[in-house]
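Position 204, counted from 1, in the sequence shown is what this note's numbering calls 192; the numbers after and before it change by one each time, with no gaps.
Glycine included, C-beta positions come from ideal geometry on N, C-alpha and C.
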Amino acid sequence: MKFLLATATAALMALSMGTALSAELAPLNSDTEKDRIDWSQVEAKFGALPKLPEGTKAGAVSKTLTNEYWRSLGEGYKAFGDKTGVPVVYQAAQSEGDQLGQLTIAEGLVTQGYNVLLVSPQTDANLQPIMEQAKAANVPVVNVNDAVIPQAEHYVGNVQRDNGVRVAKWFIKNRPNGGKVAIVEGQAGVYAAVQRTDGFKSTITQAGKFEVVASVPGNWDRQTSYDAATNILQQHPDLIGFYANNDGMALGIVEAVKAAGLQDKIAVFGTDGISDAYASIRAGELTGTVDSFPVLTGEVALETALRLVAGQKLPRVVATPQALITKDNSDRYSGPGDAVRKALLEDAAAGQ
């Protein structure tokens, strides 16, 4: 009975805290939030990273380590942690569908005494309970790409809608006669998938010469996307292009296009900028990707988190860079880390 009473009391306290937090902040839309700053302006506005409390350590939980994007994000955390002398523990769920497992990991990091928590949720909702727990423990939480927790006080990541917009603009410029296109989406209902899909669809249909003949879920999975693309091609062999919400799905689509003997007629774009995507682009198979530079994103996210630990008051959103990658510019964005950072700072200065 005592256990049940304590559990009920804790649940009521968490609900009360969640209500209070919701009252303080409007639900986050990371793409449109006005309280934001570009990653390239943080140091200019807030100065060098302040001195951190002795023994500061960071915990981070990701969607999965089976996807290269999330492994690269962890490399960014480690790189900035090594640079600043801050230990970082980086853990992930077993798969991109293991929502409960991810929540369990996040809860464990809070109870183990980490000073800040960086989270990349499976969905917009599955890590919401951690917000109340972390706030009670006075642990700042930074939502790092790509699902968005509505209660998040701080978010680091790119403008998700812009991923799709950039690809649509490529089609409008390079396929002036228009034609049929298709979209393979990520996980249904996840913020990033919704925004990327809408950015592409709304931009390309406004051009007037394009028809989106299919927009189907690929669930971030390569095989599922191969199967989806195969079905679409059987129904629409005159298709001129695909846009996929991530690179793994795009590479599955490339295989389907090749199997149909249509690789010279159909452009395929992905999102993320993983190494296999770059290799496929250079091989003349994948047409392009929108690189969101996960290593740099990890560095920026940890820097943001540590500034919070040091007591700085930062904007709610720190926007990280992205670029449309094709065979023409792939070398510019795939060199050593410092060279890529320099290129992206040049892009930021030029307003790209």
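Item: Tell me whether SER10 is buried or exposed, calling it buried when 16 or more other Cβ atoms sit within 10 Å of its Cβ.; Value: Residue placement at SER10 cannot be trusted, given a pLDDT of 44 that sits under 50; what the coordinates show is reported in the next sentence. Burial call: exposed.
Item: Does DSSP put ILE171 in a helix, in a strand, or in coil?; Value: strand
Item: Which same chain residues end up closer than 7 angstroms to ASP19 when comparing Cβ atoms and leaving out the 5 residues on each side of it in sequence?; Value: VAL147, GLN148, ARG149, GLN183
Item: Count the CB pairs spanning the stretch 282 to 299 and the stretch 128 to 142 that are closer than 8 angstroms, and state whether there are at least three.; Value: yes
Item: Cα separation between TYR78 and PHE68?; Value: 13 angstroms
Item: Quick check: the stretch 54 to 61 against the stretch 254 to 272, are there 3 or more CB pairs under 8 angstroms?; Value: yes
Item: Can you have a look at ARG154 and say buried or exposed, based on whether 16 or more other CB atoms are within 10 angstroms of its CB?; Value: buried
Item: Contact between the stretch 45 to 52 and the stretch 91 to 99 is defined here as three or more beta-carbon pairs at a separation below 8 angstroms; is this criterion met?; Value: yes
Item: Who are the near neighbours of ILE84 in its chain, counting only those whose CB is closer than 6 angstroms to its CB and skipping five residues on each side?; Value: Looking at the sequence itself, residue 84 is Glu, so the reference to Ile does not match. For GLU84, where only same-chain residues beyond five positions count, the Cβ hits under 6 angstroms are LYS51, THR52, TRP208.
Item: Starting from the C-beta of VAL283, find all residues in its chain whose C-beta is less than 6 angstroms away, skip the five residues before and the five after it, and write them out in chain order.; Value: SER60, GLU63, GLY64
Item: Straight-line CA distance for GLN116 to PRO138?; Value: 8 angstroms
Item: Since ALA81 contacts LEU105 with CB under 8 angstroms, what's their CB separation in whole angstroms?; Value: Actually they do not touch by this definition, with Cβ atoms about 15 angstroms apart.
Item: For the stretch 249 to 323, list the beta strand (DSSP E) runs that are entirely contained and at least 3 residues long, ordered along the chain.; Value: 255 to 260, 276 to 279, 305 to 307, 311 to 313
Item: In the DSSP assignment, what residue or residues form a beta bridge with GLU199?; Value: LYS168
Item: Between which two residues does the alpha helix (DSSP H) carrying GLN90 extend?; Value: 87 to 99
Item: Name, in chain order, the residues that DSSP records as bridge partners for PHE230.; Value: ALA170, VAL256
Item: Using three-state DSSP, classify TYR143 as helix, strand or coil.; Value: strand
Item: What's the gap between the Cα of VAL169 and the Cα of GLY73?; Value: 48 angstroms
Item: Between which two residues does the beta strand (DSSP E) containing TYR78 stretch?; Value: 76 to 80
Item: Measuring only the C-alpha atoms, how far is LEU221 from ALA255?; Value: 13 angstroms
Item: For ALA238 and ARG295, I'd like the C-alpha separation in whole angstroms.; Value: 36 angstroms
Item: Going by Cα to Cα distance, which pick from SER28, ASP23, ALA135 is closest to ARG329?; Value: SER28
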